[in-house]
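Asks: The structure's right below; bear with me while I get my questions together.
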Amino acid sequence: DSGVTQTPKHLITATGQRVTLRCSPRSGDLSVYWYQQSLDQGLQFLIQYYNGEERAKGNILERFSAQQFPDLHSELNLSSLELGDSALYFCASSVGGGSVEQYFGPGTRLTVT
Amino acid sequence: GESVGLHLPTLSVQEGDNSIINCAYSNSASDYFIWYKQESGKGPQFIIDIRSNMDKRQGQRVTVLLNKTVKHLSLQIAATQPGDSAVYFCAEMILNSGYSTLTFGKGTMLLVSP
């Protein structure tokens, strides 16, 4: 158990809908990262937050957004969902903004029908 | 468990053998190279990292080798056990004082038979 929690574990929704994925980092970690894992694209970095501020952006679509709250939990919002958004979404956390070791949560499986 | 990918390169070994998983990377400017292990239905788990100015680093039962000349990274697992069966990813990290970004490779599935 990495200490990172993600909810929900599974999510099934329809195209065009909007969902919110939630992540709680390990105790003491200030950075949160979001990743998408799909069969065709593999594991891709989406975005990083450190202590509430956006620090780095990867291959995140404009339909996706994230934020980190004062209690350090983070939410990833996915809107106007398409079939291709079906994937595993992982959250990871680390102590600092520039840390080598990231601890991954168990993931949220999103299925768009 | 949930599948993390189809058509992955697969390495099949016998319990007790040594395993070597290889990875080619692309970005010479990467600061660190990291190996992750992902078991079915779980998130990636950090195994070991190596800084870009090093050639070799050893951990518990694992050794990572870095060849910058040919942009090649390998993970050696000694005395492989059935619990080592998983998908292994190499990742390149750009590290700054304020942020870090990881770029993952495609992964290799390791199957260990008793």
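These protein sequence lines are chains A and B, in that order.
If you're matching positions, the first sequence starts at 1274 in my numbering and goes up one per residue.
If you're matching positions, the second sequence starts at 4 in my numbering and goes up one per residue.
Positions of the beta carbon are idealized from the N, C-alpha and C atoms, including for glycine.
All figures in this text were calculated on a predicted structure; none of them were measured in a lab.
1) Alpha carbon to alpha carbon, how far is A/A1360 from B/N70?
2) Is it buried or exposed for A/Q1290, if we count other Cβ within 10 angstroms and need 16 for buried?
3) Quick check on B/E5 - is its C-beta less than 8 angstroms from some C-beta in chain A?
4) Grab the span of the beta strand (DSSP E) containing A/V1385 for me, first residue to last.
5) For A/F1377, count neighbouring C-beta atoms within 10 Å of its own C-beta (all shown protein chains included) and say buried if the count is 16 or more, exposed if not.
6) Below 8 angstroms on the Cβ atoms is my guess for B/M96 versus B/S29; work out the distance and round it to an integer in Å.
7) Quick check on DSSP: helix, strand or coil for A/G1315?
8) Counting contacts by CB-CB distance shorter than 8 angstroms, is B/L98 in contact with chain A?
9) Is it a yes or a no for the segment 88-95 of chain B touching the segment 57-64 of chain B, going by three-plus beta-carbon pairs under 8 angstroms?
10) Taking the straight line between their C-alpha atoms, what separation do you get for B/P12 and A/H1346?
11) Look at the alpha carbon of A/D1302 and the alpha carbon of B/I51, and state the distance between them as a whole number of angstroms.
12) Just grab the DSSP bridge partners of A/N1350 for me.
13) Decide yes or no for the touch test of the segment 1333-1342 of chain A against the segment 13-27 of chain B: beta carbon pairs closer than 8 angstroms, at least 3 of them.
14) Does the distance from the C-beta atom of A/L1383 to that of A/V1277 stay below 8 angstroms?
15) Which bits of chain A does B/F36 rub up against, with CB to CB less than 8 angstroms?
16) Going by beta carbon distance, what residues of the same chain come within less than 8 angstroms of B/T104, once the five residues before and after it are set aside?
17) What are the residues of the segment 36-54 of chain B that lie near chain A, defined by any Cβ-Cβ distance shorter than 9 angstroms?
18) So what does DSSP say about B/L78, is it helix, strand or coil?
19) Whose C-beta lies closer than 8 angstroms to the C-beta of A/S1372 among residues of the same chain, with five residues either side of it excluded?
20) Quick one, which of B/S31, B/I24 and B/K45 has its alpha-carbon nearest B/W38's?
21) Output, in chain order, the set of chain A residues within a Cβ distance shorter than 7 angstroms of B/K125.
22) Using alpha carbons as the reference points, say which of A/T1381, A/L1284, A/S1300 and A/Y1306 lies closest to A/G1370.
23) Would you mind sorting B/E5 into buried or exposed? The rule is 16 or more other CB atoms within 10 Å of its CB.
Replies: The structure says:
1) 33 angstroms
2) exposed
3) Low local confidence applies: a pLDDT of 38 at B/E5 is under 50, so the model's placement there is unreliable, with the coordinate-based value given in what follows. Yes - at least one Cβ of chain A is within 8 angstroms of the one on B/E5.
4) T1381 to V1385
5) buried
6) Not really, about 13 angstroms apart at Cβ, beyond 8 angstroms.
7) strand
8) yes
9) no
10) 36 angstroms
11) 20 angstroms
12) A/T1293 and A/S1338
13) no
14) no
15) Result: empty, since nearest Cβ-Cβ is about 10 angstroms, beyond 8 angstroms.
16) M96 and I97
17) I37, Y39, Q41, G44, K45, G46, P47, Q48, F49, D52 and R54
18) strand
19) S1304
20) B/I24
21) Missing from the structure shown is residue 125 of chain B; chain B here goes from 4 to 117 and no further.
22) A/Y1306
23) The predicted position of B/E5 is uncertain, since its pLDDT is 38 and thus under 50; no value can be drawn from it.
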